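K.L.:
The structure follows.
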Amino acid sequence: QDAGSLSEEGARLLDPTGVFGAGVPMCPPEGDAGTGMVATRAVEPRTGNVSAGTSVFAMVVLERSLGRVHPELDLVATPEGFPVAMVHSNNGASEWDQWVGVFSEFATAAGVDLPRHALYDLLYAQALQGPADGGGLMAFNFLSGEPIVGLEHGRPLSLRNPGAPLTLQAFMRTQLMT
């Protein structure tokens with residue numbers, strides 16, 4: 001993906017001495033934490049953003065520095081110097097993706113041609129119709145260790161209360177919300 005090249009103005013901003021010239025090829029952003037903050041305009045105090053993918057993190061721009069140490073938080077700053085509290089979880093949507101893969105295999109085995117994006121749309125819609133409390137289902141989607149909760153090794157696990165109905169809607173809602 002072509003992201004253009006460094007302009008004369010950009011080169012002067014980076015290097016006022018003029019040694020660094022314009023025309024250097026740029027690469028598209030990777031979507032790191034800083035990119036997400038700028039893209040969502042979460043750079044002023046009392047704003048924040050959440051990123052959910054393989055891992056999940058939230059960044060909240062603070063009005064002032066924290067009064068004590070919070071080991072579960074990483075502290076960074078905005079370009080203007082406002083303090084930012086970041087909390088990170090190693091485990092995000094990976095288990096959801098595994099279940100989408102299982103349903104994709106089922107569709108293929110049944111002779112149904114269902115593109116992956118359509119399957120995601122379908123399962124998200126089903127999840128939104130599931131009971132908010134999971135309907136007696138619980139999921140612990142730790143594929144890897146999770147320092148924030150003191151878990152050294154991951155083991156994904158789905159549980160159901162005896163007698164609780166096992167429905168697609170409740171199951172996918174539980175997987176999504178865990």
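For the sequence shown, the UniProt record's numbering assigns the number 1 to the initial residue and increments by one for each residue that follows. Beta carbons are placed, not taken as given, at the ideal position from N, Cα and C, and that holds for glycine. None of the values given here were measured: they were computed from a predicted structure.
Comparing C-alpha positions only, which one of P16, E152, T178 and A3 sits nearest to G92?
P.N.:
Within the sequence shown, residue 92 is the residue found at index 92, counting from 1. Of the candidates P16, E152, T178 and A3, the one whose C-alpha sits nearest the C-alpha of G92 is T178.
K.L.:
Who pairs with H88 in a beta bridge, going by DSSP?
P.N.:
The residue you call residue 88 lines up with position 88 of the sequence shown. Paired residues: F57.
K.L.:
Does the structure place the segment 116 to 125 close enough to the segment 135 to 147 that three or more beta carbon pairs sit under 8 angstroms?
P.N.:
no
K.L.:
Exposed or buried, M59, counting other C-beta atoms within 10 Å across all chains shown (16 or more means buried)?
P.N.:
The residue labelled residue 59 in the question sits at position 59 within the sequence shown. Of the other Cβ atoms in all chains shown, 16 or more fall within 10 Å of the Cβ of M59; this residue is therefore buried.
K.L.:
Assuming F140 contacts P156 under a Cβ cut-off of 8 angstroms, what Cβ separation, rounded to an integer in Å, is found between them?
P.N.:
Here residue 140 refers to the residue found at position 140 when the sequence shown is read from its first residue. Here residue 156 refers to the residue found at position 156 when the sequence shown is read from its first residue. That pair is a contact at about 7 angstroms.
K.L.:
Which runs of the beta strand (DSSP E) fall wholly inside the segment 64 to 146 and span at least 3 residues, in chain order?
P.N.:
74 to 77, 83 to 89 and 137 to 140
K.L.:
Once the 5 residues before and after Q169 are set aside, which same chain residues still bring their CB inside 6 angstroms of it?
P.N.:
Stepping through the sequence shown from its first residue, residue 169 is reached at position 169. Result list for Q169: Q126, Q129 and G130, in chain order.
K.L.:
Quick one: Cα of P115 to Cα of V19, how far?
P.N.:
Here residue 115 refers to the residue found at position 115 when the sequence shown is read from its first residue. Here residue 19 refers to the residue found at position 19 when the sequence shown is read from its first residue. Straight-line Cα distance between these residues: approximately 51 angstroms.
K.L.:
For E63, I'd like the list of residues in its chain whose CB is within less than 6 angstroms of its CB, leaving aside the five on either flank, ordered along the chain.
P.N.:
For this step, residue 63 is matched to residue 63 along the sequence shown. For E63, where only same-chain residues beyond five positions count, the Cβ hits under 6 angstroms are P45.
K.L.:
Could you spell out the range, first to last residue, of the beta strand (DSSP E) harbouring R160?
P.N.:
The residue labelled residue 160 in the question sits at position 160 within the sequence shown. Counting along the chain, the beta strand (DSSP E) containing R160 begins and ends at L157 to R160.
K.L.:
So is A42 buried or exposed if we call it buried at 16+ other beta carbons inside 10 Å?
P.N.:
As a first step, residue 42 must be located in the sequence shown, where it is residue number 42. Around the beta-carbon of A42, 16 or more other beta-carbon atoms lie within 10 Å, marking it buried.
K.L.:
Suppose contacts are defined by Cβ-Cβ distances below 8 angstroms. Is S89 in contact with F57 by that definition?
P.N.:
What you label residue 89 is simply residue 89 of the sequence shown in a count that begins at 1. What you label residue 57 is simply residue 57 of the sequence shown in a count that begins at 1. Yes, the Cβ-Cβ distance between S89 and F57 is below 8 angstroms.
K.L.:
Could you give the C-beta distance for G21 and S5, rounded to a whole number, given that I count them as a contact under 8 angstroms?
P.N.:
For this step, residue 21 is matched to residue 21 along the sequence shown. For this step, residue 5 is matched to residue 5 along the sequence shown. About 10 angstroms separates the two Cβ atoms, so there is no contact after all.
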